[in-house]
Amino acid sequence: MAKSQSIREKNGCRAQGNEEKRLKRSKGLIDRFAIQGLDHVLFSDEKLFTIEEAYNQQNDRILSSTASTIPEEYRYVKRVQKPCSVMVWAGISSLGRTLIVFIPTGVK
C-alpha cells in the first residue's frame, strides 16, 4: 500500500456555504478592527480544573500473591460523583493581560 493511500484528509465541515460565511465574517472583522483597533477588545477564557485525580485501574496496579498482603489503604478507592474542582478566568488584550480570577463555587 502506497503511503499516499493510507493518509486521509481531514476537512471538518468545509461545505461551500460554510467557507463563504467564514470568509465574509473574517473580512468584516478585519474591516471593523482596521478602523477601531484592538484597544477595546478583550479575549477571555475560563477553565474548570479538577483537583482530585482520577483513578485508572490499568495504570494503578498492585501485584500481590494474595489480597490479604495488600495494605488496607490500597484495597479500596474512594469515588465521588462531583470531585473537587476550581474554575479560573483570565483575559488578554492589546493593553496587557488580566489577573487570574478564581471563581467561587456555585457562581454561574
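Going by my numbering, the first residue of the sequence shown is number 1, and it counts up by one from there. Ideal placement from N, C-alpha and C gives every residue a C-beta, glycine not left out. In this text, all values refer to a predicted model and were calculated from it rather than measured experimentally.
Excluding residues up to 5 positions away in sequence, L48, F49, T50 and I51 lie with their Cβ nearer than 7 Å to the Cβ of S85 in the same chain.
DSSP places D45 within a strand segment (E or B) once states are collapsed to three.
In the three-state reduction of the DSSP assignment, G96 falls in the strand class. If you keep only unbroken beta strand (DSSP E) runs of at least 3 residues inside the stretch 16–83, you get 43–50. Non-local C-beta neighbours of I62 in its own chain, meaning closer than 7 Å and more than five positions away in sequence, comprise I70 and Y74, ordered along the chain.
Beta bridge pairing from DSSP links V88 with K47 and F102. Note that the C-beta distance between E53 and W89 is not below 7 Å. Ranked by Cα distance from D39, the first of V101, G96, I100 and P104 is G96.
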